[in-house]
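One structure is given below, encoded as structure tokens.
Number of protein chains: 2
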Amino acid sequence: MTRTVAVPAPEASVSADDLTRVAVSTVIFSLRRRPADDAPVLVLPLVRRTRDPYEGLWALPGGWLDHRESLDAAARRTLAETTALAPSYLEQLYAFGAVDRSPSRVVSIVYWALLRADEVDASAADAPENVEWFAAASLPRLAFDHNEIVDYALWRLRNKVGYSRIAHGLLPDEFTLADLREVYEAILGRRLDPANFRRQVENSGTLIPTDHFRTGSHRPARLYRYNRDVELADRGPLDTH
Amino acid sequence: MTRTVAVPAPEASVSADDLTRVAVSTVIFSLRRRPADDAPVLVLPLVRRTRDPYEGLWALPGGWLDHRESLDAAARRTLAETTALAPSYLEQLYAFGAVDRSPSRVVSIVYWALLRADEVDASAADAPENVEWFAAASLPRLAFDHNEIVDYALWRLRNKVGYSRIAHGLLPDEFTLADLREVYEAILGRRLDPANFRRQVENSGTLIPTDHFRTGSHRPARLYRYNRDVELADRGPLDTH
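Sequences listed follow chains B and X, in order. In this note's numbering, each number is its position in the first sequence, counted from 1, plus 47. In this note's numbering, each number is its position in the second sequence, counted from 1, plus 47.
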């Protein structure tokens, strides 16, 4: 079956060979404590596909770009529609456009964001039932090239954590050095020496000690907050596209 | 005037409202010495448009994505076709998709690369006559949102020069600390203190002193090369998309 469409000329005249569609997908990372040992692990939401291609497989939340919306708006809309999540800040990650990544030609503009656990919990009641959170380190086989996309997002996250305040997106406003170290450990997938970590962070000038302490079963731990005077390395001069 | 196109169903069925086309554009930065004071300045090639929209204005080299080629391949092909330039490494920069950035709806996947002056000179004879190099700091009004795209590329370049070996893309294999400082100064658009710069670079572990010196009208200056054992921060695990 074919159908005909009216195309305004001359700028947008196309032949069938030119038909490339644009989609958006979003990788949302959060932290969840593993019941076995209470260690935080990186998790992300996936949506089970209800139609071909790849019916029944898990995929990143996303959808088609609408002709009348910006890329950012499309990422926000499709994420809300598929998962009910609404991060305050979505960042464009990469455009994936391999010729064979889908049965038809699709270029996917991929966004990513970090969400604190309490932000995830706040929208959990509204999430459709075909959404589940998976540990980033042990994903099933995903639809399309979405395993590769998640691998790329993890690589970028691991790179960025070294030179920016990106871990802040997973922490409350005030946190202990142990909280911060656990975020780094979850992102990097390895243990860090507590004394070395404390020294590096204190030398970086990115944290400000507060007068508050967390008390509990351990000895009191000082709470810190991020120094907002230190320039974010990963925010651009552009707000919207 | 309208024309009709045959669209295979069901995967790629579209209505006219869905028609978004994908283009690629490339920002190529190089350095050229300013005749007035011999200082190196950042330059980039632009192509004068020979048809509407924006006929007669300068634009970034680029073109339409072909249905059968990857994004990287399209960037390479359109760059070669419009400028005869062939950088060894093109990196994807950002996807620009504002609704009103073109009379019709176009999402542009933008690539960027750095080219040494000798690489530019090698292909100069093959460049079409509607190509010219402009100082990045004083561009005319460009077609589409290309001024904004160049501003974004400059912002990313200035950010990256701080945490990666990106300046290497503008230097020969061996160079003096003054050569390297001049590259940083051209990218950052400001003078750097030579003694501070030397100290920072020597502490970074990214350079290896060689046994070679450059001689000439000044006192001999030691030549350095990049330490390839230091991981590049900006190369991903992915080769092609």
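Where a beta carbon is used, it is the ideal one built from N, C-alpha and C, also for glycine.
Going by C-alpha positions, Thr262/X is about 7 Å away from Ala268/X. Leu239/X has a beta carbon lying at 8 Å or more from every beta carbon in chain B. Counting along the chain, the unbroken beta strand (DSSP E) around Phe143/X starts and ends at Glu138 to Phe143. The way I'd put it, the segment 67-85 of chain B does touch the segment 125-137 of chain B; three or more beta-carbon pairs between them come closer than 8 Å. Per the Cβ contact rule, the segment 177-184 of chain X is not in contact with the segment 92-110 of chain B (fewer than 3 Cβ pairs under 8 Å). Thr223/B is not a Cβ neighbour of Leu254/B, given a cutoff of 8 Å. When DSSP reads this structure, Trp202/X sits in no beta bridge, so it has no partner. One thing to note: Leu118/X has its Cβ within 8 Å of the Cβ of Ile156/X. Gly216/B sits in a helix when the DSSP states are folded into three classes.
Per the coordinates, the alpha-carbon of Val69/B lies some 13 Å from the alpha-carbon of Ala145/X. Taking 7 Å as the upper bound on Cβ-Cβ separation, chain B lies near residues Ala142, Phe143, Gly144, Ala145, Val146, Pro150, Ser151, Arg152, Val154 and Ile156 of the segment 142-158 of chain X. Residue range Leu224 to Leu235 is occupied by the alpha helix (DSSP H) that includes Leu224/B. At a cut-off of 8 Å, the C-beta of Leu186/B has no neighbouring C-beta in chain X. Membership of Phe244/B in the alpha helix (DSSP H) is indicated by the continuous run Pro241 to Ser251. At a cut-off of 8 Å, the C-beta of Gln247/X has no neighbouring C-beta in chain B.
Taken in chain order, the unbroken stretches of beta strand (DSSP E) that lie wholly in the segment 69-111 of chain X and span 3 residues or more are 87-95 and 109-111. When 9 Å is used as the limit between beta carbons, Ser117/X is near these residues of chain B: Gly144, Ala145 and Val146, in chain order.
If you look at Val167/X, you'll find it isn't in any beta strand (DSSP E); it sits in the alpha helix (DSSP H) that goes Ala164 to Ser170. DSSP lists Arg68/X as the bridge partner or partners of Val153/X. Listed along chain B, the residues sitting closer than 8 Å to Leu112/X by beta-carbon distance are Thr67, Gly144 and Val154. For the pair Arg205/B and Leu235/B, the CB atoms are nearer than the 8 Å cut-off. Nearest C-alpha to Ala214/X among Asp198/X, His114/X and Tyr231/X: Tyr231/X.
At the C-beta level, Ala171/X and Pro134/X stay beyond 8 Å of one another.
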